[in-house]
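Visitor: Sharing a structure, written as structure tokens. Questions coming.
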Amino acid sequence: MSKLIATRAIRGAHKLVNRAEKELNQALKEKGSETKIEFPNTGYYLPISYGILGQKIETVGGLTDLLQKAKELLPPLPEEKLWLPYLGHTLDAGMATLFADEIIEALKYTQDPLPYLPEPMPRDGHLWLGAANDVIMRERGIEFVDGTAPGFALCVGYCPTNEIAVKIARELQEKNLYVFMAASTDGKSMAHQLQQEGVQMGWETRLVPLGEDVTACIHSLGFATRVALSFGGVQPGNYQKVLLYNKNRVFAFVLALGPVDDEKHAQAAGAINYGFPTIADTDIDQILPTGICTYEHVVSPVPHDKIVSKAIEVRGLKIQVSKVPIPVPFGPAFQGERVRKEEMYVELAGPSIPGFEFLTTKNLDEIEDGKIEVIGPEIDEVERGSQLPFGLWIEVAGREMQPDFEPVLERQTHDFINCAHGVFHLGQRDINWARISDEAKEKGFKFKHFGSIIQAKLHSEFSKLVDKVQVKIYTREKEVRELLEYAREVYKKRDARLADLTDEKVDTFYSCTLCQSFAPNHVCIITPERSGLCGAYNWLDGKAAHKITPTGPNQPVKKGKVIDPLKGQWQGINEFVYVNSNKTVEFFNAYSIIEYPMTSCGCFECISCVLPSTNGIMIVYRDYAGMTPSGMKFSTLAGMVGGGVQTPGFMGHSKQYVGSKKFVMAEGGHKRIVWMNKQLKEELAPILQQIGEEEGIDNFLEMIADETVAVTEEEVLEYITKMNHPALSMPSLL
Amino acid sequence: MKKPINSEQVSIDDSVNYLLNNQNQLSIETVWDRSKQQKTRCGFGEQGLCCHNCYMGPCRISPTGKGAQKGVCGAPAEVIVARNFARMVAGGASAHSDHGREVAKTLLLAAQHPDSDHSIKDSNKLKKVASTLGLSIQDRAKEDIAKEVAEILLAEFGQQEGELSFTKLAPVKRQELWRQLGVIPRGIDREIVEMLHRTSVGVDQEHQNIFLQACRTALADGWGGSMIATELQDILYGTPSPIRGEVNLGVLSESEVNIAVHGHEPAFSEMLVIASQDKELIDLAKKHGAAGINLVGICCVANEILLRHGLPVAGNVLQQELAIATGAVETMLVDVQCIMSSLPDVSQHYHTKVITTSPKAKIKGAEFLDISENNSLETAKKIIRDAILNFSHRNSVDIPKQKMDLVAGFSHEAINYMLGGRFRGSYTPLNDNIINGRIRGVAAVVGCCNPKIVHDQGHVSLVEELIANDILVVQTGCSATACAKAGFLTPESATKYAGSGLAEVCRAVGMPPVLHSGSCVDNSRLLIALSEMVKVGGLGDDISDLPVAGAAPEWMSEKAISIGQYFVASGVYVVFGIGMPVTGSSVFSHHIFEECEKILGGKWDVEEDTSQMAAKIIDHINHKREKLGISKGRKRVLYDMAMRRELKI
């Protein structure tokens, strides 16, 4: 019965709060209350206390209040007889546990050296990654938004054997779930087991070792809390929304592996507050009646071969995994995997070897669906360490297929191929590059399986467009070089078509409301010259996506009457945005940052914002963790821009939009750019140079400041004054 | 505890049987003796066919059809029955509402005189109530808010037009129905007065029309007077939360000074609670040879001090005389409602002092003590001091050994917390487990005790059957005390008595299968709970869609009729035991037992046999489940991304 669970969770909470108090007192004594405390590069402070209580804790002293809150929540243990209701108490104890966890984990970040590696992947024997920074959170957040990651599994403890650990990890990966690992038992943890088996871990492979301590579980819930704050637009302190958002959007659960002590029971109670149930492999008490979570709260004991499917059922999760007929595991979780040279069997194309990937449309009677030809040697005909030319020639046919969709489908090749475990892919078109690992080769992966992957995935994801798929794989230089010439001609034509595509030339834009599951009031409007702010969807993608799912999140929107061509305002767009933003956004300018700018969900690649004294704007890319001249880091800026709210002077957008002729056109366009972070500036240098030439400004690129010359607004002003930046002589921005 | 039905048996509570045997030797007259002396009750009156609203009568209508079929004024049976029924509603509503008025006055006193003995204990509840009334709460002192709350609600007693504020808490669909039927109450006193007017000679002579005004009067009770009483008492004395206690005459202490409070209004008993913890008085008690001071309750005021302080309950309404008959009660304080005139007579055989504390309720032979609101704590101390001095006057003491543990205190707020804690508190788990079939439905079993049937048996056997059939039972008043004595209010009873589904939920939550929510005025809590169930969703969009029912198996007071009527008017199926004084008119009976369901969604029923009553409630709940499409529980839905986007946050 559940009283035992309640008792253990409450006891665990008491222990952890006591521990937090001890460690906090020691830190206060040794480090002083003014010592700064933060998780790396985040605008969400300590996310649990920020999200649940609205507290912005920035110093060790600030933790005192959180500890007090935890203590106030601590309930008494249920009595042996004539007990009082304990469910509410247990959940409160769970929350107290999370507060205690956060105190203990935050204090770890004041240690030298850091107990965690502040990078996305384990390295040099450093296994544990601790709190994810905001860059990771945003990059990965999009996957929770579009459903590529349906949720996460927090795995605590260890499996009876390494083999079982790997099997569970792979199964979760194949279900596209993130796997967070924390809390070792007797020095053993699932992450250690995967490490021993040489499994690649890190955010890229969705196998994330959080920390060895039981309190490291907090980093998974901290991540979940930030998803609610950033993508859901939930206000910090609105705990009810933070928790319900997680219950109904982020489908996570806890796998309790091996012995479950009091402290782990307490973590489970904390997770239940978020609607995340616990599934255990040992015989612990169950809580089956529903209500806080979607279905059961604690289920046990579940055998290892059933634990993943049971967890998914208990969480109420529907995962559709298209079966791809290849001999290695397949799923987005394997996308981030690298195949290092020393574990590589064969390399295809690449920097010095010719290659291409090309998709073209044929008539239905011209191709045979399912046919795969390998022209040139197969994998077992080449020696280990070989480098081969690699041409991937894909022919599709379908009644709804249009030439405009060819590049859209072609670009999928990268994502498709990368999903195969042990296969690594980079680039596209004529700069493609692939590697196949020894392990994959050993398991029977052949070149022809590229064809199997592409056929299976095109059929499952683009069935509305594609009826037949035929694939030819070329591995001989002669044929590859011949076909490459032809492909290049087509690439050129496509580029010209794309360059020709302007907002004025079309009468229909596409909406994207994919992120409304997270940011209910946000609507993206994708125009030929302004791609979706996540960078993942351009106008053609929108068009194709609409064909594929006519009732889906990408809808055609008629521009209607032009209200303002300079600011980019149309009547049809206004009406659509108003209705679909739940009547929160009444007007919308596609080309202005000042007046009714487009809202953001939270997945933006870049943020632009006005630097008032410079009469210009700055642009920062999401990977840049340093301070910007706005006085805010990307993470803090992101908090202001996201959540579907119009913030004049601030705007989230894609990298592509920076190069667009429509970039802040209402305010005078590119000449307003006074600062960019260096990496972004370098990446966009060719485009910026070209724009400078077109504007008749000689050294435009050099005029734009970056962090090497200016990190404050004053420094930017000083720099651009020195450079005689055109923004200074433009009409006042505000 | 439960015994087979025995015609000689008076109660299923052995403490009662034990004392009755003893007091027979002392020839003390009790409620059961007088009930016997009344012999067979007047057949006309029992069926509601006797009219004495004017002096052309009294008239009576022959139920067999052989005698007179009309009163002297020409009123047929259905009009006479409807008028009598409606007057009972008015009587009951007036009792609760007058209670509510006193509480509102006390709140005003506490707001205006923070230095008085009364203060605001639950600021959160105050803010919640103020928000319901549409008041701003930001940056305001609690006294300031309380003053405005009290003034607004006091004004609702005399309000002539408009709608009572708390009716807004009902589901929107229900409010619309009330407006459409013209039964949304305008002012509390106004509806009661109009009810009395319309049922006086020669006024309203259409039974349906009388019934509708009876709805409006009852709603002015449930969503007016009673709710004001409950909500403001919570503000003044604290909102109940789960608490342990003990029940039955065995809680009287042989070694301590026993002071029993009996009645309904908690204002003065709250003072006694404070005074009874006074160290000086405890020392005084010890000086006089007692081990301490034992404050116990009887009837509904017992529930008030139980829920807020965990103080023991000596018994329900029919045990009031027996408490004195233990010889162990130094003082019994009584205020209003359900006080028997016989108390001073019984007390004459013992040393017990009976004190009445309400100028509205004096009893011959009892001492009347005016509790002026300003010095009530001092008065309370004086009463306790006198009781201590009375301790030495005890003669033979014979306290039955029966007592039982219990857990009580399930206010709406407590249920909310219990089901999800501070951060996830809501009724969702309740609704979910009703939808998935672990809990079949919810039944409110409430009301009085009545010597016409075996004491406590109606309550206990009905509740036992309901929980065995996975129906969560919510209780108030003397019915709760009956079931507490039977042990149903302990969490352990889930495993022992509840069906497997209900027991599983009880185990997950740690709650008993029977939830004690307060005194009879606190039935208003159940209205809020029902509205919350609708709000949470998944069980329809009106109270009348919910798989719930109400029952009063041993009712006797007019208040029970008013309560029943406001539940029916709120959309609930309500079944009464023993009988109802309406059966004399098949036309009116048909109207309230059948026809009114089409209009209100709720209806009345009457059933003497508790086992049949349980069957009817189960049938009704099953029927509602079927209409909701959850008769076979609900299948597990697995959510893909698109479905998740549809989920409410």
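Keeping their order, the protein sequence lines are chains A and B.
Under our numbering, the residues of the first sequence are numbered 1247 to 1980, in order.
Under our numbering, the residues of the second sequence are numbered 18 to 666, in order.
Even glycine gets a Cβ: it sits at the ideal position worked out from N, Cα and C.
#1: Whose C-alpha, out of Leu1309(A), Gly1942(A), Leu1934(A), is nearest the C-alpha of Glu1948(A)?
#2: With a threshold of 16 other CB atoms inside 10 Å of the CB of Ile1256(A), please say whether the residue is buried or exposed.
#3: With a Cβ-Cβ cutoff of 7 Å, do Phe605(B) and Ala569(B) count as a contact?
#4: Could you tell me which chain B residues have their CB closer than 9 Å to the CB of Gly1308(A), listed as they occur along the chain?
#5: Residues of chain B with CB closer than 8 Å to the CB of Leu1534(A), please, in chain order.
#6: Where does Ile1298(A) land, buried or exposed, given buried means 16+ other C-beta within 10 angstroms?
#7: Go to Ala331(B), then tell me how far its beta strand (DSSP E) extends in each direction, as first and last residue.
#8: Any C-beta of chain A sitting closer than 7 Å to the C-beta of Leu449(B)?
#9: Which of the three DSSP states, helix, strand or coil, is assigned to Asn275(B)?
#10: Report buried or exposed for Ala1192(A), applying the criterion of at least 16 other Cβ atoms within 10 angstroms of its Cβ.
#11: What residues in the region 1534-1551 of chain A have a beta carbon less than 7 Å from any beta carbon of chain B?
#12: Express the C-alpha separation of Leu1418(A) and Tyr656(B) in angstroms, rounding to a whole number.
#13: Buried or exposed for Glu178(B), going by 16 or more other Cβ atoms inside 10 Å?
#14: Assuming the contact rule is C-beta atoms closer than 8 Å, Pro1774(A) and Asp1753(A) should be a hit. Round their C-beta distance to whole Å, please.
#15: Quick one: which chain B residues come within Cβ less than 9 Å of Gly1393(A)?
#16: For Met421(B), decide whether its Cβ has a neighbour in chain A, counting only Cβ atoms nearer than 7 Å.
#17: Please work out which residues of its chain come closer than 8 Å, Cβ to Cβ, to Val526(B), disregarding the five sequence neighbours upstream and downstream, and give them in chain order.
#18: Name the DSSP beta bridge partners of Val1957(A), please?
#19: When Cβ atoms are compared, which residues of the region 432-458 of chain B fall closer than 7 Å to chain E?
#20: When you compare the CB positions of Cys1855(A) and Ser1876(A), do they come within less than 7 Å of one another, or not?
#21: What's the gap between the Cα of His1971(A) and the Cα of Tyr1842(A)?
#22: Would Asn333(B) be called buried (16 or more neighbouring beta carbons within 10 Å of its own) or exposed?
#23: Please confirm whether Leu323(B) has its beta-carbon closer than 7 Å to some beta-carbon of chain A.
#24: How about the region 209-225 of chain B and the region 168-176 of chain B: do they share at least three Cβ pairs that are nearer than 8 Å?
#25: Check whether chain A comes within 7 Å of Thr507(B), counting only Cβ atoms and requiring the distance to be less than that.
#26: In angstroms with no decimal places, state the Cα-to-Cα distance between Glu1929(A) and Gly1289(A).
#27: Let's see if you can read the secondary structure: which residues bound the alpha helix (DSSP H) around Leu617(B)?
#28: When burial is assigned at 16 or more other CB atoms within 10 Å of the CB, is Gly1387(A) buried or exposed?
#29: Whole angstroms is fine: what's the gap from Met1247(A)'s alpha carbon to His1511(A)'s?
#30: Counting along the chain, where does the beta strand (DSSP E) carrying Lys1714(A) start and finish?
#31: Would you check if there are 3 or more beta carbon pairs closer than 8 Å linking the region 1620-1627 of chain A to the region 1662-1674 of chain A?
#32: Distance check for Gly646(B) and Lys19(B), CA to CA, integer angstroms please.
#33: Give every residue of the same chain whose Cβ lies closer than 6 Å to the Cβ of Ser574(B), excluding the five residues on either side of it in the sequence, and list them in chain order.
#34: Report yes if the C-beta distance between Val363(B) and Glu347(B) is below 7 Å; otherwise report no.
#35: Would you please state the rounded distance, in angstroms, between the beta carbons of Arg1561(A) and Pro1523(A)? I believe it to be under 8 Å.
#36: With 16 other CB atoms within 10 Å as the buried threshold, where does Asn1609(A) fall?
Guide: Per the coordinate set shown:
#1: Within the first sequence, the letter at position 702 stands for residue 1948(A). Per the C-alpha coordinates, the member of Leu1309(A), Gly1942(A), Leu1934(A) positioned closest to Glu1948(A) is Leu1934(A).
#2: Stepping through the first sequence from its first residue, residue 1256(A) is reached at position 10. Classification for Ile1256(A): buried.
#3: The residue given as residue 605(B) occupies position 588 in the second sequence. The residue given as residue 569(B) occupies position 552 in the second sequence. No, these two residues do not count as a Cβ contact at 7 Å.
#4: The residue labelled residue 1308(A) in the question sits at position 62 within the first sequence. The premise fails here: Gly1308(A) is roughly 21 Å from chain B at the closest Cβ pair, so nothing lies under 9 Å.
#5: Within the first sequence, residue 1534(A) is the residue found at index 288, counting from 1. Correct list: Glu521, Ala525.
#6: The sequence position of residue 1298(A) within the first sequence is 52, counting from 1. With 16 or more Cβ atoms within 10 Å of its Cβ, Ile1298(A) is classed as buried.
#7: If you number the second sequence from 1, residue 331(B) lands on position 314. Segment 330-332, the beta strand (DSSP E) holding Ala331(B).
#8: For the purposes of this step, residue 449(B) is identified with residue 432 of the second sequence, where counting begins at 1. Going by the sequence as given, residue 449(B) is Asp instead of Leu. Judged by the 7 Å Cβ criterion, Asp449(B) is in contact with chain A.
#9: Walking along the second sequence from the start, residue 275(B) turns up at place 258. For Asn275(B), the three-state secondary structure derived from DSSP is strand.
#10: Residue 1192(A) lies beyond the range of chain A shown here (1247 to 1980); nothing can be said about it.
#11: Leu1534, Pro1535, Thr1536, Gly1537, Ile1538, Tyr1541
#12: By 1-based counting over the second sequence, the position of residue 656(B) is 639. By 1-based counting over the first sequence, the position of residue 1418(A) is 172. Distance between the alpha carbons of Tyr656(B) and Leu1418(A): 17 Å.
#13: In the second sequence, residue 178(B) corresponds to position 161, counting from 1. The residue in question, Glu178(B), is exposed, as its Cβ has fewer than 16 Cβ neighbours within 10 Å.
#14: Indexing the first sequence from 1 puts residue 1774(A) at position 528. Indexing the first sequence from 1 puts residue 1753(A) at position 507. That pair is no contact at about 11 Å.
#15: What you label residue 1393(A) is simply residue 147 of the first sequence in a count that begins at 1. Those are Asp657, Met658, Ala659, Arg661, listed as they occur along chain B.
#16: One-based indexing of the second sequence puts residue 421(B) at position 404. By this cut-off, Met421(B) is not an interface position.
#17: In the second sequence, residue 526(B) corresponds to position 509, counting from 1. Closer than 8 Å at Cβ, skipping near neighbours: Met435, Leu436, Pro446.
#18: Counted from its first residue, the first sequence places residue 1957(A) at position 711. Answer is none; Val1957(A) lacks a bridge partner.
#19: Here chain E cannot be found, since the structure's protein chains are A and B.
#20: Stepping through the first sequence from its first residue, residue 1855(A) is reached at position 609. Stepping through the first sequence from its first residue, residue 1876(A) is reached at position 630. Result yes, Cβ atoms of Cys1855(A) and Ser1876(A) sit closer than 7 Å.
#21: As a first step, residue 1971(A) must be located in the first sequence, where it is residue number 725. As a first step, residue 1842(A) must be located in the first sequence, where it is residue number 596. Roughly 26 Å between the two C-alpha positions.
#22: On the second sequence, residue 333(B) is found 316 positions in, with the first residue counted as 1. Buried is the label assigned to Asn333(B), since at least 16 other Cβ atoms lie within 10 Å of its Cβ.
#23: Within the second sequence, the letter at position 306 stands for residue 323(B). It does not; no Cβ of chain A falls within 7 Å.
#24: no
#25: Against the second sequence, residue 507(B) aligns to sequence position 490. Chain A contact via Cβ: present.
#26: Counting from one through the first sequence, the residue named residue 1929(A) turns up at place 683. Counting from one through the first sequence, the residue named residue 1289(A) turns up at place 43. Between Glu1929(A) and Gly1289(A), the C-alpha separation is close to 25 Å.
#27: Along the second sequence, read from residue 1 onward, the residue named residue 617(B) stands at position 600. Taken as a continuous stretch (DSSP letters only), the alpha helix (DSSP H) holding Leu617(B) covers 613-617.
#28: Taking the first sequence and counting its residues from 1, the one referred to as residue 1387(A) is at position 141. Result: buried.
#29: By 1-based counting over the first sequence, the position of residue 1247(A) is 1. By 1-based counting over the first sequence, the position of residue 1511(A) is 265. Interpretation of Met1247(A) is limited by its pLDDT of 49, a score under 50 that renders its predicted location unreliable; the figure taken from the coordinates is listed afterwards. Answer to the nearest angstrom: the Cα atoms are 14 Å apart.
#30: Indexing the first sequence from 1 puts residue 1714(A) at position 468. Element bounds for Lys1714(A): 1714-1720.
#31: Contact between the region 1620-1627 of chain A and the region 1662-1674 of chain A is absent, with fewer than three C-beta pairs closer than 8 Å.
#32: Working through the second sequence from its first residue, we reach residue 19(B) at position 2. Working through the second sequence from its first residue, we reach residue 646(B) at position 629. With a pLDDT of only 34 at Lys19(B), under the threshold of 50, the placement of this residue in the model should not be trusted; the figure read from the coordinates follows. For Lys19(B) and Gly646(B), the distance between alpha carbons rounds to 37 Å.
#33: Here residue 574(B) refers to the residue found at position 557 of the second sequence. Once the five neighbours on either side are set aside, the close Cβ partners of Ser574(B) are Cys465.
#34: Position 346 of the second sequence, counting from 1, holds the residue named residue 363(B). Position 330 of the second sequence, counting from 1, holds the residue named residue 347(B). Not a contact, by the Cβ cut-off of 7 Å.
#35: For the purposes of this step, residue 1561(A) is taken as the residue at position 315 of the first sequence. For the purposes of this step, residue 1523(A) is taken as the residue at position 277 of the first sequence. Correct: roughly 6 Å between the Cβ atoms.
#36: Taking the first residue of the first sequence as 1, we reach residue 1609(A) at position 363. Counting Cβ neighbours within 10 Å, Asn1609(A) comes out exposed, since fewer than 16 surround it.
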